[in-house]
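Numbering (the working numbering), first residue to last: 153 to 415.
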Ligand code: ADP
């Protein structure tokens, strides 16, 4: 890192005004991408300039959830990212021919990520969110090398198993010396027609992860919020109309919007 042939990453420059958040989870399917997209759109709604790097090679669902159907275009040496719902996005899926699954290896992933950060024309971003693959693989390490100032957001469900894995992800982040901005619990409960809450996936996982990370790193890691289950969140994502704007009065949208204001 730092050799003169390495492309310059504006977000890693001293004095960069862009806040960078890596959204991580211990395993797939906990709603990491949904949370990333909704936080980004909530921030854009507030007038911030926001970009997402979809680095989740297994999921790469961000463009669809965001409703970004455009393709990146090339202008001289720069890549212009498509945008939707006020958010610019670049995805690893945009660079795999016919979206066929490609076996990406560590060095390729690192190179792709470097390009997303250095060669994409993001403009002056207030916030950049990176949707990381689940777990603690190569990408998380690459990100820490390329963006030492990035902060981590850990997404988990209330389930103990998910929480354990999320803890491990957090512990790795500590080794890479990234600050942990907080924990977001997703799929926290389902609200029943009578107003009561059903804990489909148990309870307390988010708080457990936050408490345990706080102990491990000796700095406060807050539980930033608990996002309930809502079938409309999934439907909205499938339609490319994130719930924070399409059903803003839902409890899930309000919680996500509240979390976004804390970042
Ligand atoms: P990950 O990025 O962790 O793999 P996704 O964001 O792709 O997870 O979410 C997995 C599935 O769960 C998607 O179909 C998504 O729409 C759905 N989902 C995520 N969060 C919620 C929620 N709070 N309520 C209902 N469905 C959700």
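We treat Cβ as the ideally placed atom computed from N, Cα and C, and that holds for glycine. Small disclaimer: the values here were computed from a predicted structure and weren't measured.
Whole-number beta carbon distance between residue j and residue i, since they are thought to touch under 8 Å
i	j	result
residue 303	residue 332	7 Å
residue 377	residue 310	The Cβ separation is near 13 Å, so there is no contact.
residue 194	residue 408	6 Å
residue 365	residue 173	In fact, because the Cβ distance is near 16 Å, the residues do not count as touching under 8 Å.
residue 175	residue 381	Residue 175 to residue 381, Cβ: 19 Å. No contact.
Spatial distance of residue i from residue j (CA atoms)
i	j	result
residue 385	residue 335	20 Å
residue 299	residue 163	7 Å
residue 153	residue 390	With a pLDDT of only 47 at residue 153, under the threshold of 50, the placement of this residue in the model should not be trusted, and no figure is reported.
residue 226	residue 274	13 Å
residue 293	residue 401	38 Å
residue 410	residue 198	12 Å
residue 165	residue 159	12 Å
residue 169	residue 161	13 Å
residue 326	residue 346	43 Å
residue 367	residue 320	13 Å
residue 313	residue 167	40 Å
residue 373	residue 301	17 Å
residue 348	residue 406	18 Å
residue 267	residue 383	36 Å
residue 322	residue 363	12 Å
C-beta contact flag for residue i and residue j at 8 Å
i	j	result
residue 337	residue 396	no
residue 286	residue 179	yes
residue 261	residue 291	yes
residue 361	residue 315	yes
residue 412	residue 398	no
residue 219	residue 392	yes
residue 177	residue 318	yes
Spatial neighbours of residue i in its chain, beta-carbon cut-off 6 Å, leaving aside the 5 residues before and after
i	result
residue 278	200, 201
residue 296	328, 330
residue 289	none
residue 342	350, 352, 381
residue 369	326
Beta-carbon contacts of residue i that lie in its chain and below 7 Å, excluding the five residues immediately before and after
i	result
residue 207	244, 265, 282, 283, 284, 285, 291
residue 224	231, 232, 233, 234, 242, 246
residue 183	307, 338, 339
residue 185	208, 211, 213, 214, 217, 283
residue 188	175, 204, 214, 281, 283
residue 118	It is not possible to answer for residue 118, since the shown part of the chain is limited to 153 through 415.
residue 258	290
residue 356	310
residue 181	none
Contacting residues, own chain, Cβ-Cβ under 8 Å from residue i (five flanking each side not counted)
i	result
residue 229	271
residue 171	278, 279, 280, 303, 415
residue 344	350
Using 8 Å as the threshold, is the segment 336-354 in touch with the segment 203-212, meaning 3 or more CB pairs across them?
no
Taking 8 Å as the cut-off, does the segment 187-201 touch the segment 234-248 (at least 3 CB pairs, one atom from each stretch)?
yes
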